[in-house]
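To start, the structure itself, in structure tokens.
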Amino acid sequence: MTDSSTALIDARGLRKVYGKPGDKAGFTAVDGIDFQVRRGEAFGVLGANGAGKSSTMRMIACVSPVTAGSLRILGYDSGTDGAKIRARLGVVPQDDTIDTELTVRENLLIYGRYFGLSWKVLRERSTRLLEFTRLSEKADDSVTTLSGGMRRRLTIARALINEPEIVLLDEPTTGLDPQARHLLWERLFQLKQDGVTLLLTTHYMDEAEQLCDRLVVMDAGKIVAEGAPAELIARYTMREVLELRFAPGERQTMTDKCRGLTERMEELPDRLLLSTDNGEETLSAVHRQGVQPLTALVRRSSLEDVFLTLTGRSLLD
Amino acid sequence: MTAMPTGAPAELPLRPGRAWTMVERNLMIYRHTWPVLLAEIFEPMLYLLAFGVGVGLLVGDVPGLGASISYPQFVAPALLATAAMNGAMNETTFNMYGKLTTDKTYESILTTPMSVRSVALGEVFWALVRGAIVSTVFLVVVSIFGLADLPGALLVIPSALLIGFAFAAVGLLTVTFLRSWQDFQLIQLVMLPMFLFATTFFPLSVYPRPVQVFVEVLPLYHSVELVRAAFLGTGSGYPAIAVIYLAVLGIVALAIAVRRLEGTLRP
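Listed in order, the protein sequences are those of chains A and Z.
For the first sequence, the UniProt record's numbering begins at 1 and goes up steadily by one.
For the second sequence, the UniProt record's numbering begins at 1 and goes up steadily by one.
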């Protein structure tokens, strides 16, 4: 447990219920969560769609009021000092909300004005940030000409205009092609090296493993696990996973034959996952049972398997 | 390597109520799209030409206003009041609805220290800036044609600003109730009859008394009275009532609108 005096973000019993106050039929998106984020770390919030990640992020961004519990950010209370907190945060929302009526550079300039920064400071910073996000050549173009990856980079540049201490990223690479994702990860990693605290939500396991020092797994509004990626993998999974695919007609009989071979087995719509300490040995055992998979793959356990173990569901459902 | 922040404390003092930055945003956009404003000025001119001059040739002077007033002189201030109303309403209904729904412009603005109130006030300010430009150009043109007496008619500008404020606030309140783009038809259903009958084209005296009472309640009627008084130097008691009516309407609508927007924008 982190000492709360050093935590940049300190959430205790945090709840978010949508609907009118006192309305019992309200929808509970976040159901009493506790977590602390330390200065300089990259902290991940993992979960499937609807797990409560975005609601949590919106409360931290001080754009959505806390229903119950306490949320302190940078030493301030999120309920009473929202504007002071927002002045020191950078926010990269899930959907790109860049101003489509302005050019690339104008987006940065005007956004900086919302923070009360002078035009002189903004001219210098916008040039530097366009360089940082590799958008210098697009500076005077309309934002409608940007690709998805460029738009996301512009959103990140915009989030950095006030030189924030914490940057919130809500599913930063959703919808981007692999190349664009890697460029984005590289830039985010650079930010982290420069000492900026990152808080990101994702449903991509590779993203969490690449970027996060520590993470929490959310399911149905609750935190179901917390730790470093490697720690979670060690705690909740066996060393390896054997993935089997079957011909559609045979799937049920084959699956039944595999039952009992390993301690844990997950049935996904398209494949069967067997957790094991030795994938090759398990595969031999599978063959001895007379099971003939279309394909068989042995791989190391990942965060995806942690999530499966904890929630019984795939992340990308 | 790029020198990025290393957790330095924010050096800028927090300045709440930065409503003016919303105007800066709009000015930046209008650097690219200023011809839109020309269209807004062109519309009342067109009405003035068609009704004021065209119909004016048929009807001669307008009775019941003391001194002899030509029909173009009667219609011009009403068209200016209507232009001030429409410009402000369009800004806070049509333009704002797009920014609230499809563009999600405010969503990103509100992740900064900007408050919902600053954003709302800022959009109203901008509607006023636009209104000031449109009414000034209109006034200059009609003065050239001898329809308004400068410098007395300069009172038209603050009048147009007050009208702009009232209707920008009403528009802001309206936009919080809109469910879809189709609802704009309903707004038109109110605005068009009001434009036609709020003493724009004929004086109040032509109506039977019960209808007069109905017309006298309309905000555009008071707007027309206000601008007409400034234009013609007539209407002794009316401007005070009109000023109070429009100011109260604007302030009340704005206060309710900001509260409702708070719920919409910070769920």
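Glycine included, every Cβ here is placed at the ideal spot set by N, Cα and C.
On a Cα-Cα basis, can you pick out the residue from the options that is closest to residue i?
i, options, result
"residue 198 of chain A", "A:170, A:225, A:221", "A:170"
"residue 244 of chain A", "A:70, A:282, A:55", "A:282"
"residue 166 of chain Z", "Z:43, Z:35, Z:86", "Z:86"
"residue 23 of chain Z", "A:113, A:288, A:122", "A:113"
"residue 167 of chain A", "A:263, A:6, A:37", "A:37"
"residue 183 of chain A", "A:125, A:233, A:134, A:30", "A:134"
"residue 25 of chain Z", "A:110, A:293, A:160, A:185", "A:110"
"residue 136 of chain Z", "Z:42, Z:21, Z:252, Z:47", "Z:42"
"residue 19 of chain Z", "A:89, A:116, A:180, A:150", "A:116"
"residue 145 of chain Z", "Z:254, Z:182, Z:49, Z:240", "Z:49"
"residue 68 of chain A", "A:29, A:97, A:39, A:87", "A:29"
"residue 189 of chain A", "A:307, A:253, A:124, A:132", "A:132"
"residue 312 of chain A", "A:293, A:267, A:32", "A:267"
"residue 149 of chain A", "A:249, A:191, A:180, A:263", "A:180"
"residue 293 of chain A", "A:302, A:249, A:307, A:96", "A:249"
"residue 46 of chain Z", "Z:138, Z:97, Z:61", "Z:138"
"residue 39 of chain A", "A:234, A:232, A:191, A:274", "A:191"
"residue 196 of chain Z", "Z:185, Z:181, Z:208, Z:224", "Z:224"
"residue 196 of chain A", "A:259, A:137, A:163", "A:163"
"residue 230 of chain Z", "Z:149, Z:192, Z:52, Z:241", "Z:149"
"residue 76 of chain A", "A:126, A:6, A:31, A:108", "A:6"
"residue 194 of chain Z", "Z:28, Z:21, Z:79, Z:57", "Z:79"
"residue 180 of chain Z", "Z:240, Z:152, Z:100", "Z:100"
Would you say residue i and residue j are within 8 Å of each other, going by their C-beta atoms?
i, j, result
"residue 162 of chain Z", "residue 246 of chain Z", "yes"
"residue 16 of chain A", "residue 64 of chain A", "yes"
"residue 172 of chain Z", "residue 257 of chain Z", "yes"
"residue 208 of chain A", "residue 229 of chain A", "yes"
"residue 40 of chain Z", "residue 134 of chain Z", "yes"
"residue 51 of chain A", "residue 194 of chain A", "no"
"residue 42 of chain A", "residue 91 of chain A", "no"
"residue 309 of chain A", "residue 237 of chain A", "yes"
"residue 254 of chain Z", "residue 124 of chain Z", "yes"
"residue 253 of chain A", "residue 272 of chain A", "no"
"residue 44 of chain Z", "residue 227 of chain Z", "no"
"residue 75 of chain Z", "residue 184 of chain Z", "no"
"residue 176 of chain A", "residue 233 of chain A", "no"
Who are the Cβ neighbours of residue i in its own chain at under 8 Å, not counting the five residues just before and after it?
i, result
"residue 34 of chain A", "11, 12, 13, 14, 223"
"residue 73 of chain A", "8, 9, 10, 60, 62, 85, 89, 166"
"residue 280 of chain A", "298"
"residue 59 of chain Z", "71"
"residue 157 of chain Z", "132, 135, 136, 139"
Are there 16 or more other CB atoms within 10 angstroms of the CB of residue i, so buried, or fewer, so exposed?
i, result
"residue 144 of chain A", "exposed"
"residue 173 of chain A", "buried"
"residue 210 of chain A", "buried"
"residue 300 of chain A", "exposed"
"residue 178 of chain A", "exposed"
"residue 160 of chain Z", "buried"
"residue 270 of chain A", "exposed"
"residue 251 of chain Z", "exposed"
"residue 147 of chain A", "exposed"
"residue 305 of chain A", "buried"
"residue 54 of chain Z", "exposed"
"residue 2 of chain Z", "Any reading at residue 2 of chain Z needs caution, since the residue's pLDDT is 39, under 50, leaving its predicted position unreliable; the model's value is listed next. Residue 2 of chain Z comes out exposed."
"residue 290 of chain A", "exposed"
"residue 61 of chain Z", "exposed"
"residue 68 of chain Z", "exposed"
"residue 102 of chain Z", "exposed"
"residue 15 of chain Z", "Summary for residue 15 of chain Z: the model assigns pLDDT 40, below 50, so the residue's position carries little reliability, and this model does not support an answer."
"residue 140 of chain A", "exposed"
"residue 51 of chain Z", "buried"
"residue 126 of chain A", "buried"
"residue 19 of chain A", "exposed"
Using a Cβ-Cβ cut-off of 6 Å (strictly less than) and excluding sequence neighbours within five positions of residue i, which residues of its own chain qualify?
i, result
"residue 82 of chain A", "62"
"residue 261 of chain A", "285"
"residue 226 of chain A", "216"
Once you ignore the five residues that flank residue i on each side, which residues in its own chain have a CB closer than 7 Å to its CB?
i, result
"residue 73 of chain Z", "147, 232"
"residue 204 of chain Z", "212, 215"
"residue 54 of chain A", "94, 170, 201"
"residue 88 of chain Z", "127, 131, 164, 167, 168, 171"
"residue 97 of chain Z", "175, 178"
"residue 261 of chain Z", "116, 120, 176"
Just checking, does the stretch 93-101 of chain Z make contact with the stretch 245-260 of chain Z on the three C-beta pairs under 8 Å criterion?
No: the two stretches stay apart, fewer than three of their Cβ pairs being nearer than 8 Å.
Using a Cβ distance threshold of 8 Å, determine whether the stretch 210-220 of chain A contacts the stretch 64-74 of chain A, with at least three qualifying pairs required.
Contact between the stretch 210-220 of chain A and the stretch 64-74 of chain A is absent, because fewer than three Cβ pairs lie under 8 Å.
Whether or not the stretch 232-247 of chain A and the stretch 287-299 of chain A are in contact is what I'm after, with contact meaning three or more pairs of Cβ atoms, one per stretch, closer than 8 Å; do they touch?
Remark: three or more beta-carbon pairs, one from each stretch, lie closer than 8 Å, so the stretch 287-299 of chain A and the stretch 232-247 of chain A are flagged as touching.
With a cut-off of 8 Å, do at least 3 Cβ pairs link the stretch 189-204 of chain A to the stretch 40-52 of chain A?
A contact exists between the stretch 189-204 of chain A and the stretch 40-52 of chain A.
Is it true that the stretch 121-133 of chain Z meets the stretch 119-132 of chain A, where meeting means three or more beta-carbon pairs spaced less than 8 Å apart?
Fewer than three beta-carbon pairs drawn from the stretch 121-133 of chain Z and the stretch 119-132 of chain A are found closer than 8 Å, and the two stretches are therefore not classed as touching.
Any 3 or more C-beta pairs closer than 8 Å across the stretch 100-114 of chain A and the stretch 24-38 of chain Z:
In this structure the stretch 100-114 of chain A touches the stretch 24-38 of chain Z; the number of beta carbon pairs closer than 8 Å is three or more.
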